[in-house]
Structures are given as structure tokens and as C-alpha cells.
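Participant:
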Amino acid sequence: MKLNKSLLSLAAMLMATSAMAQTGVATGTPFGSGQDSIRCRQNLSLFSGYAKAGSFQDAYEPWKQAYAECPGSSKNIYIYGARILKWKIEQEKDAAKRDELVGQLLKMYDTRAKYFGDDQKYGLDVIMGNKIHDYVTLQGDKVDYAQVYEWAKPAVEKYAESATPQLLYYYVFSSRAVAQKDEAKHETYINDYLLASEYMDKQLEAAAGDEKMTSRIELYKKPMDENFASSGLAGCDILTKIYTLEKVDANKDNKPFLKQTCALFGSTPDCDAPAYYQASRYLFALEPSSGAAMGLAGKAIRDKNYSEANSYLQKAIELADKASDKVKCYEVLADLAMVQGNYGAARTHSNNALALNPKSGRSLIKIAQIIGSSADNIFPDDKVKQRAVYFLVIDKLRAAAAADPRVSSEANRLIGIYSKSLPSAADIFMHPELGQGKSFTVPGYGTTTIR
2 MKLNKSLLSL AAMLMATSAM AQTGVATGTP FGSGQDSIRC RQNLSLFSGY AKAGSFQDAY
62 EPWKQAYAEC PGSSKNIYIY GARILKWKIE QEKDAAKRDE LVGQLLKMYD TRAKYFGDDQ
122 KYGLDVIMGN KIHDYVTLQG DKVDYAQVYE WAKPAVEKYA ESATPQLLYY YVFSSRAVAQ
182 KDEAKHETYI NDYLLASEYM DKQLEAAAGD EKMTSRIELY KKPMDENFAS SGLAGCDILT
242 KIYTLEKVDA NKDNKPFLKQ TCALFGSTPD CDAPAYYQAS RYLFALEPSS GAAMGLAGKA
302 IRDKNYSEAN SYLQKAIELA DKASDKVKCY EVLADLAMVQ GNYGAARTHS NNALALNPKS
362 GRSLIKIAQI IGSSADNIFP DDKVKQRAVY FLVIDKLRAA AAADPRVSSE ANRLIGIYSK
422 SLPSAADIFM HPELGQGKSF TVPGYGTTTI R
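The sequence shown begins at 2 in the working numbering and counts up one residue at a time.
#1: I think V443 touches V390, with their Cβ atoms under 8 Å apart; what is that distance to the nearest whole Å?
#2: Among the candidates A114, L365, A180, whose CA atom is the shortest distance from the CA of A402?
#3: Around the C-beta of M16, are 16 or more other C-beta atoms found within 10 angstroms, so that it is buried, or is it exposed?
#4: Considering just the uninterrupted stretch of the beta strand (DSSP E) at T448, what are its terminal residues?
#5: Quick one: Cα of Q36 to Cα of Q23, how far?
#6: Among the candidates N77, R363, A27, A67, whose CA atom is the shortest distance from the CA of N44?
#7: For the region 283–326, list the beta strand (DSSP E) runs that are entirely contained and at least 3 residues long, ordered along the chain.
#8: Anyone know if the C-beta pair for Y61 and K89 falls short of 8 Å?
#9: According to the neighbour-count rule (16 or more other Cβ atoms, all chains shown, within 10 Å of its Cβ), is K143 buried or exposed?
#10: Could you round the C-beta distance between Y313 and A298 to whole angstroms and report it? I think they count as a contact, below 8 Å.
#11: What does the Cβ neighbour count give for P63, buried or exposed, with the cut at 16 atoms within 10 Å?
#12: Using 8 Å as the threshold, is the region 375–389 in touch with the region 428–445, meaning 3 or more CB pairs across them?
#13: If contact is defined by three or more beta carbon pairs under 8 Å, each pair taking one atom from either stretch, is the region 132–147 in contact with the region 115–123?
#14: If P69 sits next to L106, beta carbons under 8 Å apart, how far is it from one beta carbon to the other, in whole angstroms?
#15: Can you give me the start and stop residues for the beta strand (DSSP E) that V443 sits inside?
#16: For D428 and G345, I'd like the C-alpha separation in whole angstroms.
#17: So, at 7 Å on beta carbons, what are the nonlocal neighbours of N228 in its own chain, with the 5 sequence-adjacent residues on each side left out?
#18: Mind checking which residues open and close the alpha helix (DSSP H) that includes M214?
#19: From the DSSP output, in three-state form, read off S175 for me.
#20: Is it true that the region 94–110 meets the region 153–163, where meeting means three or more beta-carbon pairs spaced less than 8 Å apart?
#21: If you check the beta carbons only, do A293 and C263 fall under 8 Å apart?
#22: Using DSSP with H/G/I as helix, E/B as strand and the rest coil, what is Y123?
#23: Count the other C-beta atoms from every protein chain shown that fall within 10 angstroms of the C-beta of R414, then say buried if there are 16 or more, exposed otherwise.
#24: Among the residues of its own chain, which have a CB less than 6 Å from the CB of L1, if the five just before and after it don't count?
#25: Quick check: what's the CA-CA separation for K360 versus A369?
#26: Please report the Cβ distance between V157 and A147, rounded to the nearest whole angstrom; I am assuming they are in contact, meaning their Cβ atoms lie under 8 Å.
#27: Helix or strand or just coil, what does DSSP make of P433?
#28: Any idea if T449 is buried or exposed, counting beta-carbon neighbours within 10 angstroms, 16 or more meaning buried?
#29: Which ranges does the alpha helix (DSSP H) cover as unbroken runs of at least 4 residues, wholly within the region 165–209, from first to last along the chain?
#30: State yes or no: is the C-beta of Y200 within less than 8 Å of the C-beta of A161?
#31: Between the alpha carbons of G342 and D183, how many angstroms are there, rounded?
#32: Please list the terminal residues of the continuous alpha helix (DSSP H) segment that includes D250.
#33: Cα separation between D254 and R282?
#34: Just reading off the alpha helix (DSSP H) that E93 is part of, what are its end residues?
#35: Roughly how far, in whole angstroms, is the beta-carbon of P275 from the beta-carbon of I218, given that I think they are within contact range, below 8 Å?
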């Protein structure tokens, strides 16, 4: 009798355990089974409806239960869950409780990665990008960028050029923050930037003609580039310490290293580095490339061998895959032409650059300088009209400053110089056709307004 009672008790326990173990988590299925499956679907419907209506307080309990019992059932648990938890964080006044909620939000992203990290459209790169965005936004000056880097790196390695621009931006930004506190990480940051920049360039090429996608990529690439330029870690002095002649010689047959070295020095203005020229020679011998040709052109310019420089730059244009590299070559060709007094060639090269990038500030400034230098030839018999040409020059310089913030300082400096040479009110008074507010045409270059 006792044995029968024991068996009945054991059976009851097994049945109870079986009944309890029907959730998605317990069964390893998306929804679970039996009543738990029904409850999961009901909770999904409830919190989704409440969250869509903005009623996050009502959405919280059914969301919490669905998240706990059937976390693999629907991405909506995480899409709406992020909104619900961020709403609760906004409402919470107690610092300790707020921190706990932030921790729950971050953990939720990890859970989403566990169940939906391989989603074709919203995979690990999207999940980590959103996690980092929320973390940085919510934590402010308490952000641990070393932690951000650890979150971003695996997703970047997995997706490469397919990673979202947002994730690539945070990856590089966190690498920069770490490097600014640790000199040993300087080279890592530089390499991370070059890699992410290459990935975004490929994305821009793939998005050609898609204005919306291009704008989305540039939203992240532009500040990433600006941060690199202003980081203090990309200057010529630091690069030459990292990329020494000895290091280049040791990697003379390492094409990826040589390409990276040439790209890095090539993006650093006015960097006269023997290591750059050496890397360019090695790379050009292994595989003629745009970057190597540009480096060799730089060496020729330093040696004032302008004919050789011109030849290498033309070769670089032929080999270039990216429009941005071609623009750089045309900009330098225009500089060389100006140095040699060949304004016609300088104008042609500048226009070629502008055809590829209408916001090339260097080219817009060059056009302005060409116009200014040609004033006495345009109006050889009229000194006042020669000086009136500077109104158009200033228009071009203002356009350069507006189009390309990187040249705004130089453009404004030149505006100050040309402004001092504008015709006076008395000069204009003696030329009725130049009255204030009247249109003034500079043959071959455009029209301006007398001011």
C-alpha cells in the first residue's frame, strides 16, 4: 500500500513537472506547448497592441512574461521591449533602480542576439549597433568605451563591409576613445579606422544612385572621418613613429600592409615621410596601384621633378577604383599646373575634380585663384573691371567654404585678401555699368553682382 502511494506521489510529481515545463524556454521551442503556448501568443498580442498605442505601462507585464517564457517566439519582444524599458528608465527617479533597468535593457539585446542574431535583415550588427546606441545615450559621461569596443568588434569581424554604418561608426569611435587613453592602442585605432573607412567606401559605391542610402551612410562616415582628422592620432609625426622605414622594409612583400600604409599616409596632408615613399616603391613593384602611384608622385614633387610627378598622378587616376582617389589626383595636378603657371591646365584638372565631387573645396578655391590671377588678361585695358573680377572670386571662395568645411579657414583667409582689392565706391561711380546691385559678367568664368 505504501509502495502504491509512493508510486502515485512520484507520478503526480512527474506530471506536475511535465505540466510546468511547457514554456518556450523549458522546451527549447519558440512558443512552448499546451497552455503555455497559448499564453505566449496572448501576451505577444497584448503587449504589441499596448506598445503600438504608446501605453507602455499596460504593455510591461505581458511583455515581461513573454520575454521570460518564450524569448525566441518573436522579434517584437525586443523591438517593443526596448521601447518599454526605455520608457520605464525615463520614469525612474531612483538612481540605483534606473541603473538596474539599464542593465536589463542591455541584457535584453544579448538575449535577442542569442535567438535572432542570424536574422537576415536585422542580425547581430543591427542588434549590437542599437545596444551601443542606447548604452551611450543613457549613460552619458559614464560610458565605458573599452566595453563598447568589445561589443562592436565581433559583429564587425562577422559582417565586414556588410555591417551597418552605425555599428562601424561606434566601433571606430570607441577605438579612438581607448587609444586616447592608451598609447599602445594608437596603431589599433588607425587600423580600425582604415578598415571601417574601406567598408563604408564600398557601401557608398554599392549605393550609387540611391540618394537615401547614400545619405544614411554619409551620416556616419563624415563624423568618423572628421574625428580621425581631429583625433591627434593621425598626424604625420605619430604615423612616422608607428610606420618606420625598418617596419616597411620588413614588410616589403606584404601587399596588404603596404596598401594600408600608402592609404594612411595618402590621407594625411603634407606628410613628407620616407617610409611612405619606400612603401609606395615596394607596392608599385609588386602590384601597380593608385595608392602606390600617388606616393611616388609625392616623392617626385618633393624632389621638384614635376614631369615625373605628373606621369605618376595620371597613372594613379587610371588605376583608381574610387572617385575620391581620382579627385585627390586631379587636385594635386591642378596644384602642379599652378606652380608652373599653366592656368589652363589647372582649370581643366580642377573641373575634372569637380565633375567627380562638386564639393571639392580645394578645386573650388583653385578655380577662384585662377579667375583672380587672370583678371588683368580678361580686362587688359580697365583696371577697375580687373578689380571687379574679385567679386566673382569671392563668390567662388564662399562657395568653397560652404561646400567643404575642411577648407573654410583658407577660403576665408583668401576672401580677406581679395576684399581689400575690390573697387572702391568712387571707382564704381565712374563706371555706371558697374552700379551697385548690377550684374557683372566675367567672360569665360561666370556672372557676379557688384556690391
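C-beta atoms are modelled at their ideal positions from N, C-alpha and C, and glycine is treated no differently.
Facilitator: By the coordinates alone:
#1: Here the question's residue 443 lines up with position 442 in the sequence shown. Here the question's residue 390 lines up with position 389 in the sequence shown. About 5 Å separates the beta carbons of V443 and V390, which is inside the 8 Å limit, making them a contact pair.
#2: The residue labelled residue 402 in the question sits at position 401 within the sequence shown. Checking every option, the nearest Cα to that of A402 belongs to L365.
#3: The residue you call residue 16 lines up with position 15 of the sequence shown. Any reading at M16 must be qualified, since the residue scores a pLDDT of 40, below 50, and its modelled position is unreliable; the value itself is stated next. By the neighbour-count rule (16 or more Cβ atoms within 10 Å), M16 is not buried but exposed.
#4: The residue given as residue 448 occupies position 447 in the sequence shown. Note, T448: beta strand (DSSP E), 447–450.
#5: The residue given as residue 36 occupies position 35 in the sequence shown. The residue given as residue 23 occupies position 22 in the sequence shown. Looking at the two C-alpha atoms, the distance is approximately 8 Å.
#6: Your numbering for residue 44 matches position 43 in the sequence shown. Checking every option, the nearest Cα to that of N44 belongs to A67.
#7: None, since the region 283–326 contains no complete beta strand (DSSP E) of that length.
#8: Indexing the sequence shown from 1 puts residue 61 at position 60. Indexing the sequence shown from 1 puts residue 89 at position 88. Their beta carbons are under 8 Å apart, which means Y61 touches K89 by this criterion.
#9: As a first step, residue 143 must be located in the sequence shown, where it is residue number 142. With fewer than 16 Cβ atoms within 10 Å of its Cβ, K143 is classed as exposed.
#10: Taking the sequence shown and counting its residues from 1, one reaches residue 313 at position 312. Taking the sequence shown and counting its residues from 1, one reaches residue 298 at position 297. With a Cβ gap of about 4 Å, Y313 and A298 count as contacting.
#11: Within the sequence shown, the letter at position 62 stands for residue 63. Buried, because 16 or more other Cβ atoms sit within 10 Å of the Cβ of P63.
#12: yes
#13: Not touching, per the Cβ criterion.
#14: Locating residue 69 in the sequence shown gives position 68, where the first residue counts as 1. Locating residue 106 in the sequence shown gives position 105, where the first residue counts as 1. Looking at the sequence provided, one finds Ala at residue 69 rather than Pro. Between L106 and A69 the Cβ distance is about 15 Å, and since that is not below 8 Å, they are no contact.
#15: The count along the sequence shown starts at 1 and reaches residue 443 at position 442. Taken as a continuous stretch (DSSP letters only), the beta strand (DSSP E) holding V443 covers 440–443.
#16: Start at 1 with the first residue of the sequence shown, and residue 428 comes out as number 427. Start at 1 with the first residue of the sequence shown, and residue 345 comes out as number 344. Roughly 30 Å separates the two Cα atoms.
#17: Here residue 228 corresponds to residue number 227 of the sequence shown, with the count starting at 1. Answer for N228: F174, R177, listed in chain order.
#18: Counted from its first residue, the sequence shown places residue 214 at position 213. That run of the alpha helix (DSSP H) goes 212–231.
#19: Along the sequence shown, read from residue 1 onward, the residue named residue 175 stands at position 174. If DSSP states are grouped into helix, strand and coil, S175 belongs with the helices.
#20: no
#21: Looking up residue 293 in the sequence shown gives position 292. Looking up residue 263 in the sequence shown gives position 262. Yes, they are a contact pair.
#22: The count along the sequence shown starts at 1 and reaches residue 123 at position 122. Note: Y123 maps to coil in three-state DSSP.
#23: On the sequence shown, position 413 is the one that residue 414 refers to. So R414 ends up on the exposed side.
#24: Beyond the ends of the chain as shown, which are 2 and 452, falls residue 1; an answer cannot be given.
#25: The residue labelled residue 360 in the question sits at position 359 within the sequence shown. The residue labelled residue 369 in the question sits at position 368 within the sequence shown. Using only the alpha carbons, I get a separation of about 14 Å.
#26: Translated into the one-based positions of the sequence shown, residue 157 becomes position 156. Translated into the one-based positions of the sequence shown, residue 147 becomes position 146. Rounded, the Cβ-Cβ distance is 15 Å, inconsistent with contact.
#27: By one-based count along the sequence shown, residue 433 stands at place 432. DSSP places P433 in helix when its eight states are reduced to three.
#28: For this step, residue 449 is matched to residue 448 along the sequence shown. Per the 10 Å Cβ criterion, buried.
#29: 166–180, 187–207
#30: As a position in the sequence shown, residue 200 is number 199, starting the count at 1. As a position in the sequence shown, residue 161 is number 160, starting the count at 1. Taking the C-beta atoms as reference points, A161 is found nearer than 8 Å to Y200.
#31: Counted from its first residue, the sequence shown places residue 342 at position 341. Counted from its first residue, the sequence shown places residue 183 at position 182. Their Cα atoms are separated by approximately 48 Å.
#32: Numbered from its first residue, the sequence shown carries residue 250 at position 249. Where D250 is concerned, the enclosing alpha helix (DSSP H) stretches over 246–251.
#33: Start at 1 with the first residue of the sequence shown, and residue 254 comes out as number 253. Start at 1 with the first residue of the sequence shown, and residue 282 comes out as number 281. Each residue's Cα considered, the two are about 11 Å apart.
#34: Residue 93 sits at position 92 when you count from the first residue of the sequence shown. From DSSP, E93 is part of no alpha helix (DSSP H); its letter is neither H nor E.
#35: The residue you call residue 275 lines up with position 274 of the sequence shown. The residue you call residue 218 lines up with position 217 of the sequence shown. Taking 8 Å as the upper bound for CB-CB distance, P275 and I218 are not in contact here, some 35 Å apart.
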